[in-house]
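Chemist: Quick one: the structure is below, questions incoming.
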Amino acid sequence: MSNRIDNTFQNLRKNGRAGFVAYVCAGDPNYDSSLDVIRSIADSGADIIELGVPFSDPQADGIVNQLAAERALASGMSVPKLMQMIRDFRSTHDTPLVLFTYLNPVYTYGYEKFHTDAAAAGADGILLLDLPPDETAYNKELAQSEGLKHITLISPSTPPERLKMLAKQSEGFIYALSRMGVTGAQAAPSASIGELVNSIKEHTDTPVCIGFGINTPDQVELVASKSDGVVVGSAIVNQVAEHGSDPKLGEVIRQFVTPLIQATQTH
């Protein structure tokens, strides 16, 4: 079944350009400002928005995103409020939303209920950072979740057989890591990302987006030339951290992401 994610990549292919995927943490620095930020990112022309679900122990995240989760939790963000944020966003925008989360908040809320409620609110996909894809074969609940595209993570160290398995069961898009490590803009993308994308595309037609360490228009342009999409997260979250008290935060973020988005169209 097609959804906003599929339709977005179909349109990108027709137009011969890569997509721009923007990550922010839901509720950072607070509910109203966060909603303003994601609306501003959508207005800037981002193709997909990844919404981080704040969690107290985000082990795969670097310090920038860890602090964003802390700020969001301190402001009172919760999964029920996340559902409301999705509904509020959907009242004005149609940009695809992917929820970027750990299993703990999902299971605390209720695995099936989370999927059902998030899809009903208007989310399109979910990336479960600490769910081994193999587990779906052994857990009926994991296999039967409906309503959200499950986004697959593939890293440069993924063994060939596992890469093949992940690619074949992928849906929506594949989030391929440009390098090893935790999230953050502290290191530039690896020079071998083209090889990684090609190795994935041997096994699937699912679009491949590259993320980790991308924070300048030049880097976006390079990655866009080798993939179906570019993911920028920590660089945007840094802007939220620096300007979170600015009443015009949404406009600050819009000015920051616009040249990054434009860079996907120049390769």
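Start counting the sequence shown at 1; every next residue gets the next number (the UniProt record's numbering). C-beta atoms are modelled at their ideal positions from N, C-alpha and C, and glycine is treated no differently. Values in this document were obtained by computation on a predicted structure and should not be read as measured data.
Would you decide whether GLN10 is buried or exposed? Buried here means 16 or more other CB atoms lie within 10 Å of its CB.
Modeler: Within the sequence shown, residue 10 is the residue found at index 10, counting from 1. The residue is exposed, with fewer than 16 neighbouring Cβ atoms inside 10 Å.
Chemist: Could you tell me which of GLY45, ILE126, GLU171 and LYS201 sits nearest to HIS93, measuring between CA atoms?
Modeler: To locate residue 93, count along the sequence shown from 1; it is residue 93. Considering only alpha carbons, the answer is GLY45.
Chemist: Going by Cα to Cα distance, which pick from GLN219, LYS14, VAL24 and ALA42 is closest to LEU82?
Modeler: Within the sequence shown, numbered from 1, the residue matching residue 82 stands at position 82. Nearest C-alpha to LEU82: VAL24.
Chemist: Report the rounded CA-to-CA distance for ILE253 versus ILE261, giving the unit in angstroms.
Modeler: For this step, residue 253 is matched to residue 253 along the sequence shown. For this step, residue 261 is matched to residue 261 along the sequence shown. Cα to Cα, the separation comes out at about 12 angstroms.
Chemist: What are the boundary residues of the alpha helix (DSSP H) that includes GLU221?
Modeler: The count along the sequence shown starts at 1 and reaches residue 221 at position 221. Run containing GLU221: 217-224, per the alpha helix (DSSP H) assignment.
Chemist: Is the distance from the Cβ of THR264 to the Cβ of ALA69 below 7 angstroms?
Modeler: Start at 1 with the first residue of the sequence shown, and residue 264 comes out as number 264. Start at 1 with the first residue of the sequence shown, and residue 69 comes out as number 69. Taking 7 angstroms as the Cβ cut-off, THR264 and ALA69 do not qualify as a contacting pair.
Chemist: Use the C-beta contact count for TYR107: other C-beta atoms within 10 angstroms, 16 or more gives buried, fewer gives exposed.
Modeler: Translated into positions along the sequence shown, residue 107 becomes position 107. By the neighbour-count rule (16 or more Cβ atoms within 10 Å), TYR107 is not buried but exposed.
Chemist: Does the pairing of the stretch 113-128 with the stretch 93-103 give three or more beta-carbon distances under 8 angstroms?
Modeler: Yes: at least three Cβ pairs fall under 8 angstroms.
Chemist: What does DSSP give as the partner residue(s) for GLU50 in the beta ladder?
Modeler: Mapped onto the sequence shown, residue 50 falls at position 50. Partner(s): TYR23 and VAL98.
Chemist: Leaving out five residues on either side along the sequence, give the residues of the same chain with a beta carbon under 7 angstroms from the beta carbon of VAL37.
Modeler: Along the sequence shown, one-based indexing puts residue 37 at 37. VAL24, VAL240, LEU249, GLY250 and ILE253.
Chemist: My output table needs one value for LEU196: the three-state DSSP class, helix, strand or coil.
Modeler: If you number the sequence shown from 1, residue 196 lands on position 196. DSSP places LEU196 in helix when its eight states are reduced to three.
Chemist: With PRO159 and SER192 assumed to form a contact (beta carbons below 8 angstroms), what rounded beta-carbon distance in angstroms separates them?
Modeler: Locating residue 159 in the sequence shown gives position 159, counting from the first residue. Locating residue 192 in the sequence shown gives position 192, counting from the first residue. Not a contact, Cβ separation roughly 16 angstroms.
Chemist: In angstroms with no decimal places, state the Cα-to-Cα distance between ASN3 and ASP124.
Modeler: The residue you call residue 3 lines up with position 3 of the sequence shown. The residue you call residue 124 lines up with position 124 of the sequence shown. The alpha-carbon atoms of ASN3 and ASP124 are separated by roughly 7 angstroms.
Chemist: Have a look at ALA119 and ILE49 and give me their C-alpha separation to the nearest angstrom.
Modeler: For the purposes of this step, residue 119 is identified with residue 119 of the sequence shown, where counting begins at 1. For the purposes of this step, residue 49 is identified with residue 49 of the sequence shown, where counting begins at 1. One C-alpha to the other measures close to 15 angstroms.
Chemist: Let me know the secondary structure DSSP gives GLY248 once reduced to three states.
Modeler: Here residue 248 corresponds to residue number 248 of the sequence shown, with the count starting at 1. According to the sequence as given, residue 248 is Lys; it is not Gly. Of the three classes helix, strand and coil, the one that applies to LYS248 here is coil, per DSSP.
Chemist: With distances taken between CB atoms, is the gap from SER178 to GLY229 smaller than 7 angstroms?
Modeler: By 1-based counting over the sequence shown, the position of residue 178 is 178. By 1-based counting over the sequence shown, the position of residue 229 is 229. Result no, Cβ atoms of SER178 and GLY229 do not sit closer than 7 angstroms.
Chemist: Of the residues PHE256, PRO96 and LEU166, which one's Cα is nearest the Cα of THR204?
Modeler: Translated into the one-based positions of the sequence shown, residue 204 becomes position 204. Per the Cα distances, LEU166.
Chemist: Out of VAL53, ALA74 and LYS164, which has the shortest C-alpha to C-alpha gap to TYR109?
Modeler: Position 109 of the sequence shown, counting from 1, holds the residue named residue 109. For TYR109, the nearest C-alpha among the options comes from VAL53.
Chemist: What separation, rounded to the nearest whole angstrom, lies between the Cα atoms of ILE210 and ALA176?
Modeler: Locating residue 210 in the sequence shown gives position 210, counting from the first residue. Locating residue 176 in the sequence shown gives position 176, counting from the first residue. Rounded to the nearest angstrom, the two C-alpha atoms are 5 angstroms apart.
Chemist: Output the boundary residues of the beta strand (DSSP E) element that contains LEU12.
Modeler: Locating residue 12 in the sequence shown gives position 12, where the first residue counts as 1. Not the beta strand (DSSP E): LEU12 falls in the alpha helix (DSSP H), residues 4-15.
Chemist: In the structure shown, what three-state DSSP assignment does ALA176 receive?
Modeler: Counted from its first residue, the sequence shown places residue 176 at position 176. Here ALA176 sits in strand by DSSP.
Chemist: If we require 3 or more residues per run, which beta strand (DSSP E) segments fall completely within the stretch 29-95?
Modeler: Segments of the beta strand (DSSP E) lying fully in the stretch 29-95: 48-52.
Chemist: Rounded to whole angstroms, what is the Cα-Cα separation between SER245 and ASP28?
Modeler: Within the sequence shown, numbered from 1, the residue matching residue 245 stands at position 245. Within the sequence shown, numbered from 1, the residue matching residue 28 stands at position 28. SER245 and ASP28: Cα-Cα distance of roughly 11 angstroms.
Chemist: Using 7 angstroms as the threshold, is the C-beta distance between VAL79 and VAL237 below it?
Modeler: As a first step, residue 79 is located in the sequence shown; it is residue number 79 there, counting from the start. As a first step, residue 237 is located in the sequence shown; it is residue number 237 there, counting from the start. Not in contact: VAL79 and VAL237 (Cβ atoms no closer than 7 angstroms).
Chemist: Are GLY194 and LYS226 touching if we call contact CB-CB under 7 angstroms?
Modeler: Residue mapping note: residue 194 aligns to position 194 of the sequence shown, counting from 1. Residue mapping note: residue 226 aligns to position 226 of the sequence shown, counting from 1. Contact flag set, yes.
Chemist: With respect to the alpha helix (DSSP H) encompassing LEU163, which residues constitute its N-terminal and C-terminal limits?
Modeler: By 1-based counting over the sequence shown, the position of residue 163 is 163. Start and end: 160-168.
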